[in-house]
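S.K.: Take a look at this one; I'll ask things after.
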Ligand SMILES: Nc1nc2c(ncn2[C@@H]2O[C@H](COP(=O)(O)OP(=O)(O)OP(=O)(O)O)[C@@H](O)[C@H]2O)c(=O)[nH]1
Ligand SMILES: [Mg+2]
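Residue numbers (this note's numbering): 1 to 377.
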């Protein structure tokens, strides 16, 4: 298809026109071949972290200047975590948590009064020493040990452990720091890259309640949906480690169900890959439960229907969590046209994400080739 009329015998115009035609054909070909992947799931389930990994592994890696942009996010993350710990220590009861050193109460007052959002080093500098002292206090450590009872960022320990490095004016976030930093996604973010010469378009949408209305705007031409859910939160819910029962599990199930049903209705075929994230945090708990002979912090595995599922049996827990999201009813409802696969992953581990994405990618392409609907979960 010629896009511009060629201008008589002018060879320059003719060449320009031919070049534009070639470019348009190439663009159309790229568009046709592009695999659009939608990243969906609850807030903080690891979608943006996964996208950062795609960028590191297959895209334009983070350079020093890119990492620098995360500094203020990291300052803000640690400041907010400090405030949460101070407040939680005061509020938690049964038993109450005393200060290890009463003298730290004045550090707590300083942090409680500080602004939550920190832009630059000079704004953060007056607070590093207080945060460092607080983190070492046995009262704050005891509070942190009870973090299932309140909400705190999953990278809190990671950043507090290196607060000395963070407090240097020369601090430059590493790639791992970038992966562990947390900023909620607002709006819709697209990222294009090529994997083994196949163009991919990843679409990252915020998972917090206010952002979820935007999900359905992104459904056009989607070939695959990667659904993210935190294995760690599902585990805490399923085994009643969290005080509010099956809240996270129920919400994740409903979210996934709605997604699958909507897709089934409007699109028919589309892969679904479920990523059970934060498996590193869950594994710590599974191990602790195993060491304690199936008990964890006094909670028993009473909540699961299947008696054979033990809190301390990693494989049994994985199977249980898979079934809890992709329920037999859902599979029945959507079979045989929807392909579902699942992976357990620590999204902050680049090697693991590379491995898991490769597995997901090759299964996706296999399924696409044979176009058979086998529920692979
Ligand atoms: N330990 C651990 N932390 C993780 C993992 N995945 C994500 N995180 C951390 O969890 C926090 C939230 O991750 P995000 O990728 O921002 O979550 P999101 O799903 O994009 O959240 P929204 O944008 O609000 O929808 C970040 O601090 C990540 O570093 C994981 O597998 N293990
Ligand atoms: Mg995000």
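No residue lacks a Cβ here, since even glycine has one placed at the ideal position from N, Cα and C.
Looking at the structure shown, is residue 358 part of a helix, part of a strand, or coil, going by DSSP?
M.R.: Residue numbering aside, residue 358 sits at position 358 when the chain shown is read from its first letter. Residue 358 falls in the helix class under three-state DSSP.
S.K.: Would the stretch 110-126 and the stretch 67-83 be scored as touching if the rule is three or more Cβ pairs under 8 Å?
M.R.: Output reads yes: the stretch 67-83 touches the stretch 110-126.
S.K.: Does the distance between the C-beta of residue 208 and the nearest non-hydrogen atom of ligand 1 fall short of 7 Å?
M.R.: Taking the first residue of the chain shown as position 1, residue 208 is located at position 208. Yes, the beta carbon of residue 208 sits closer than 7 Å to at least one heavy atom of ligand 1.
S.K.: I need the straight-line Cα distance from residue 263 to residue 332, nearest angstrom please.
M.R.: Here residue 263 refers to the residue found at position 263 when the chain shown is read from its first residue. Here residue 332 refers to the residue found at position 332 when the chain shown is read from its first residue. Cα to Cα, the separation comes out at about 15 Å.
S.K.: Excluding the 5 residues preceding and the 5 following residue 352 in the sequence, name in chain order all residues of the same chain whose CB lies nearer than 7 Å to its CB.
M.R.: Counting from one through the chain shown, the residue named residue 352 turns up at place 352. These residues qualify, in order along the chain: 345 and 346.
S.K.: Quick one: measure Cβ to Cβ for residue 169 and residue 70, integer angstroms, because I've assumed they're closer than 8 Å.
M.R.: Indexing the chain shown from 1 puts residue 169 at position 169. Indexing the chain shown from 1 puts residue 70 at position 70. With a Cβ gap of about 16 Å, residue 169 and residue 70 do not count as contacting.
S.K.: Identify, in the order they occur along the chain, each residue of the same chain with its Cβ nearer than 7 Å to the Cβ of residue 41, setting aside the five sequence neighbours on each side.
M.R.: Indexing the chain shown from 1 puts residue 41 at position 41. Closer than 7 Å at Cβ, skipping near neighbours: 47, 207, 227, 228 and 229.
S.K.: Starting from the C-beta of residue 203, find all residues in its chain whose C-beta is less than 6 Å away, skip the five residues before and the five after it, and write them out in chain order.
M.R.: Start at 1 with the first residue of the chain shown, and residue 203 comes out as number 203. Hits under 6 Å: 38, 190 and 218.
S.K.: May I ask you to report which of helix, strand or coil DSSP gives residue 58?
M.R.: The sequence position of residue 58 within the chain shown is 58, counting from 1. Residue 58: helix per DSSP, three-state reduction.
S.K.: Quick one: give me the first and last residue of the alpha helix (DSSP H) that residue 107 is part of.
M.R.: In the chain shown, the residue the question calls residue 107 occupies position 107. Residues 105-113.
S.K.: Taking the continuous beta strand (DSSP E) assigned at residue 274, which residues delimit it?
M.R.: On the chain shown, residue 274 is found 274 positions in, with the first residue counted as 1. Segment 271-277, the beta strand (DSSP E) holding residue 274.
S.K.: Could you check what DSSP says for residue 190 in three-state terms: helix, strand or coil?
M.R.: Position 190 of the chain shown, counted from the first residue, corresponds to residue 190. Looking at residue 190 - three-state DSSP - the assignment turns out to be strand.
S.K.: Tell me the DSSP bridge mates of residue 36?
M.R.: What you label residue 36 is simply residue 36 of the chain shown in a count that begins at 1. Its beta-bridge partners are 201.
S.K.: When you compare the CB positions of residue 225 and residue 259, do they come within less than 8 Å of one another, or not?
M.R.: Taking the first residue of the chain shown as 1, we reach residue 225 at position 225. Taking the first residue of the chain shown as 1, we reach residue 259 at position 259. Yes, the Cβ-Cβ distance between residue 225 and residue 259 is below 8 Å.
S.K.: Mind checking residue 343: buried by the 16 CB within 10 Å criterion, or exposed?
M.R.: In the chain shown, residue 343 corresponds to position 343, counting from 1. So residue 343 ends up on the buried side.
S.K.: Would you list the one or two residues that DSSP bridges to residue 229?
M.R.: Numbered from 1 along the chain shown, position 229 holds the residue referred to as residue 229. Looking at the DSSP assignment, residue 229 forms a beta bridge with 276.
S.K.: Using three-state DSSP, classify residue 139 as helix, strand or coil.
M.R.: By one-based count along the chain shown, residue 139 stands at place 139. Three-state DSSP puts residue 139 in a helix.
S.K.: Going straight from the alpha carbon of residue 124 to that of residue 324, what length do you get?
M.R.: Numbered from its first residue, the chain shown carries residue 124 at position 124. Numbered from its first residue, the chain shown carries residue 324 at position 324. Straight-line Cα distance between these residues: approximately 43 Å.
S.K.: Would the stretch 172-186 and the stretch 59-77 be scored as touching if the rule is three or more Cβ pairs under 8 Å?
M.R.: Yes, they touch.
S.K.: For residue 193, which residues from the same chain have a beta carbon less than 6 Å from its beta carbon, with the 5 sequence-adjacent residues on both sides left out?
M.R.: Position 193 of the chain shown, counting from 1, holds the residue named residue 193. These residues qualify, in order along the chain: 58, 59 and 200.
S.K.: Can you look up residue 46 in the DSSP assignment and give me helix, strand or coil?
M.R.: As a first step, residue 46 must be located in the chain shown, where it is residue number 46. Three-state DSSP puts residue 46 in coil, outside helix and strand.
S.K.: Under three-state DSSP, which class holds residue 210?
M.R.: The residue labelled residue 210 in the question sits at position 210 within the chain shown. Looking at residue 210 - three-state DSSP - the assignment turns out to be helix.
S.K.: If you draw a straight line from the alpha carbon of residue 176 to that of residue 282, how long is it in whole angstroms?
M.R.: Residue mapping note: residue 176 aligns to position 176 of the chain shown, counting from 1. Residue mapping note: residue 282 aligns to position 282 of the chain shown, counting from 1. In a straight line, the C-alpha of residue 176 is about 20 Å away from that of residue 282.
S.K.: Under the criterion of a Cβ to heavy atom distance below 7 Å, does residue 193 qualify as lining ligand 1?
M.R.: Within the chain shown, the letter at position 193 stands for residue 193. Outside the cutoff, so no.
S.K.: Relative to the C-alpha of residue 166, which residue among 129, 356 and 195 is closest?
M.R.: For the purposes of this step, residue 166 is taken as the residue at position 166 of the chain shown. For residue 166, the nearest C-alpha among the options comes from 129.
S.K.: Do residue 321 and residue 234 come within 8 Å of each other at the CB atom, strictly closer than that value?
M.R.: Here the question's residue 234 lines up with position 234 in the chain shown. Here the question's residue 321 lines up with position 321 in the chain shown. Contact flag set, yes.
S.K.: Pull up the CB-CB distance for residue 100 and residue 138, whole angstroms please, since I reckon it's below 8 Å.
M.R.: The sequence position of residue 100 within the chain shown is 100, counting from 1. The sequence position of residue 138 within the chain shown is 138, counting from 1. Right, their Cβ atoms sit about 3 Å apart.
S.K.: In angstroms, rounded to a whole number, what distance separates the CA positions of residue 187 and residue 17?
M.R.: On the chain shown, residue 187 is found 187 positions in, with the first residue counted as 1. On the chain shown, residue 17 is found 17 positions in, with the first residue counted as 1. Rounded to whole angstroms, residue 187 to residue 17 spans 37 Å at the Cα level.
S.K.: Mapping the DSSP letters down to three states, classify residue 252 as helix, strand or coil.
M.R.: The count along the chain shown starts at 1 and reaches residue 252 at position 252. Correct three-state label for residue 252: helix.
S.K.: Taking only runs that begin and end inside the stretch 123-182, name each unbroken alpha helix (DSSP H) of 4 or more residues, in chain order.
M.R.: Listed in chain order, the complete alpha helix (DSSP H) runs (minimum 4 residues) inside the stretch 123-182 are 128-136, 138-145, 156-161, 163-166 and 175-180.
S.K.: Exposed or buried, what is residue 340 when buried is set at 16 or more other beta-carbons lying within 10 Å of its beta-carbon?
M.R.: Taking the chain shown and counting its residues from 1, one reaches residue 340 at position 340. By the 10 Å Cβ count, residue 340 comes out buried.
S.K.: With a cut-off of 8 Å on the beta carbons, I'd call residue 22 and residue 154 a contact; round off their distance for me.
M.R.: Within the chain shown, residue 22 is the residue found at index 22, counting from 1. Within the chain shown, residue 154 is the residue found at index 154, counting from 1. Actually they are not in contact, since the Cβ atoms of residue 22 and residue 154 sit about 48 Å apart, beyond 8 Å.
S.K.: Buried or exposed, going by whether 16 or more other CB atoms sit within 10 Å of the CB of residue 10?
M.R.: Here residue 10 refers to the residue found at position 10 when the chain shown is read from its first residue. By the 10 Å Cβ count, residue 10 comes out exposed.
S.K.: Can you give the beta carbon distance from residue 132 to residue 163, rounded, assuming they're within the 8 Å contact cut?
M.R.: Counting from 1 along the chain shown, the entry for residue 132 is found at position 132. Counting from 1 along the chain shown, the entry for residue 163 is found at position 163. That belief holds up - the Cβ atoms of residue 132 and residue 163 are roughly 5 Å apart, short of 8 Å.
S.K.: State yes or no: is the C-beta of residue 214 within less than 8 Å of the C-beta of residue 222?
M.R.: Taking the chain shown and counting its residues from 1, one reaches residue 214 at position 214. Taking the chain shown and counting its residues from 1, one reaches residue 222 at position 222. No, they are not a contact pair.
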